[in-house]
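>
In our numbering, the protein residues as written are 3 to 437.
#1: Judging by CA-CA distance, which residue of 367, 411, 31 and 387 is the nearest neighbour of residue 429?
#2: With three or more beta-carbon pairs closer than 8 angstroms as the criterion, would you say the stretch 111-128 touches the stretch 77-84?
#3: What is the DSSP secondary structure of residue 419, counted as helix, strand or coil?
#4: Taking the alpha-carbon of residue 90 as reference, which of 308, 97 and 72 has the nearest alpha-carbon?
#5: Please classify residue 422: is it buried, with 16 or more other beta-carbons within 10 angstroms of its beta-carbon, or exposed?
#6: Any idea what DSSP makes of residue 366, helix, strand or coil?
#7: When the Cα atoms are used, what is the spatial distance from residue 196 to residue 219?
#8: Between the alpha carbons of residue 349 and residue 402, how many angstroms are there, rounded?
#9: Nearest by alpha-carbon distance to residue 258: which of 74, 22 and 243 is it?
#10: May I ask you to verify whether the stretch 370-377 touches the stretch 334-354, counting CB pairs closer than 8 angstroms and requiring at least 3?
#11: Tell me which same chain residues have a C-beta within less than 7 angstroms of the C-beta of residue 420, skipping the five on either side of it?
#12: Flag this pair as yes or no: are the beta carbons of residue 35 and residue 144 separated by less than 8 angstroms?
#13: How should residue 85 be labelled, buried or exposed, when 16 other C-beta atoms within 10 angstroms of its C-beta is the threshold for buried?
#14: Once you ignore the five residues that flank residue 46 on each side, which residues in its own chain have a CB closer than 7 angstroms to its CB?
#15: My understanding is that residue 412 touches residue 330, with C-beta atoms under 8 angstroms, so please give their C-beta distance in whole angstroms.
#16: Run through DSSP, which three-state label would residue 252 get?
#17: On the three-pair Cβ rule with 8 angstroms, is the stretch 253-267 touching the stretch 287-297?
#18: Can residue 356 and residue 317 be called in contact, C-beta distance under 8 angstroms?
#19: Quick check: the Cα distance between residue 384 and residue 406, rounded to an integer number of angstroms?
#20: Near residue 31, which residues of its chain fall below 8 angstroms by C-beta distance, leaving aside the five closest residues on each side in sequence?
#21: Between residue 12 and the rest of its own chain, which residues show a CB-CB distance below 6 angstroms, the 5 nearest in sequence each way excluded?
#22: Write down the C-beta distance between residue 341 and residue 369 rounded to the nearest angstrom, noting that I regard them as a contact closer than 8 angstroms.
#23: In the DSSP assignment, what residue or residues form a beta bridge with residue 98?
#24: Distance check for residue 22 and residue 150, CA to CA, integer angstroms please.
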């Protein structure tokens, strides 16, 4: 059942109840006034002037006393009729109550017997009817006021309660894939506002999910396109080498060389796929992934892991001061690891220095090495995907510094290559403070 029907039924129920009570009061007032008049006639019938009226009737007195209060008394005994006042004679009725009209005046008549006489006492109905009409008008005014008030309350409820829900329904029907949360604006009763806010929140969540879905789809398409482009050449080379191994008779030295080439190509493909996977994961990062990070501790762990993985490498921290920020722990660690790997593989570095400095503008992370460095005219291009500097080794995927640039962008910062005080290259990651 709709809220509209409930309001209408409630209003009609109140109106019906008011009409029923009004009718009950209407007839109750009428009966009460007649009862009061009947009690007055009963009280008069017990007064002593009835005896006087009887004596007058028996003596045929032509000048009987005139009663007060507008009452009319008529006595009939032994064929003689006496009435007070004498110009008004009440009709003969059976014992009980009756209404009659004499000379245009309505009377309420009480008839009874006393001492062998039939006595009729009449009271004008004009005053009683006036009081009844006045009370009826009051009943009509009260009932009419209640009914009008009910209609007004129903209209207010319709405006305040139902209209917001109708507006919400119209807005909900107009929602489509391009709808924005702010398009649902409803004001009125608290319940309608709560539902509107819930719909607004739902649209926001749906929008976020759609955004993530579009990002995932775009990332998948980009992954497929890039993988197809970058893997076609090494896969072709692997197939050629495998065909050579299967068709040609070669010396063991030649066979080992071809196998080694296949292994290098396989490693390159694996590195490329791993880097592409990390790029795709970075594109799907959300705000919920950002957490407080101790940069100094992160650099310390990266230094120890690098020296363990690359014997003979010297890695140090320029400062032990604690630096904290909100960021992506895995992404920041990826930046440092890739910078160290690039310095070793492409720059033949033997010494690396890690540093982090916090300021009012944010956090700056630096990775210095003593390798061969990067020519100044290539320092911007090396951050592009599948871009390799002139000093880079052939086995690289060309995605290491692209991952660094991606993480810098995710943190709202920048990445740049500069000349290092150690003689090689310096990676500078500038991350702004949260607003």
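Where is the CB? At the ideal position from N, CA and C, for every residue including glycine.
In short:
#1: 367
#2: yes
#3: strand
#4: 72
#5: buried
#6: strand
#7: 34 angstroms
#8: 14 angstroms
#9: 243
#10: yes
#11: 428 and 430
#12: no
#13: buried
#14: 73 and 123
#15: 6 angstroms
#16: coil
#17: no
#18: yes
#19: 10 angstroms
#20: 134, 137, 138 and 141
#21: none
#22: 4 angstroms
#23: 113
#24: 16 angstroms
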